[in-house]
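Going letter by letter, the sequence shown gives residues 15 to 104 in the numbering used here. For glycine and all other residues, C-beta sits at the position ideal for the given N, C-alpha and C. Values in this document were obtained by computation on a predicted structure and should not be read as measured data. I have placed the structure first, in the form of structure tokens, so that the comments after it can refer back to it.
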Amino acid sequence: MVEKTLPQGVEIHPTAIVCREATLEGCVSIGAGTVVHPFAIIRATNGPIIIGENNIIEDRSLIENILEEGDKVMEIGNQNIIEVGASEFS
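Below is the structure:
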């Protein structure tokens, strides 16, 4: 297993799997059992992103908190599938 230093503000549950080719930026929390595939981008531009348990975030998908009204939290619950190339914004 290859580990890399996490960017500041990123928290990954020990049972989550995040491919090293994925991009996590800003205040991002990844819950238990969640899988983040290669080249997925999770970007907390204007507020934190909390991703729950047992989600699948597929290749080249984009999750970004771009809401400009202060530090609003973007939450993705449990047991979701974000499919290849999908975009989710708050």
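Judged by beta-carbon spacing, ILE71 lies beyond the 8 Å limit of ILE31, meaning their Cβ atoms are not closer than that value.
At the C-beta level, PHE53 and ARG34 stay beyond 8 Å of one another. With respect to the 8 Å criterion, ALA46 and GLU67 are classified as neighbours on the basis of their beta carbons.
Going by C-alpha positions, GLU89 is about 16 Å away from HIS27. Judged by DSSP secondary structure, GLU78 falls within the beta strand (DSSP E) whose first and last residues are 76–78. Annotation: CYS41 to GLY91 spans about 17 Å, alpha carbon to alpha carbon. According to the DSSP assignment, GLU25 belongs to the beta strand (DSSP E) that extends over 24–26. When C-alpha distances from VAL98 are compared across SER104, ILE55, LEU20 and GLU39, the shortest belongs to ILE55. DSSP places GLU67 in the coil class of the three-state scheme, outside both helix and strand.
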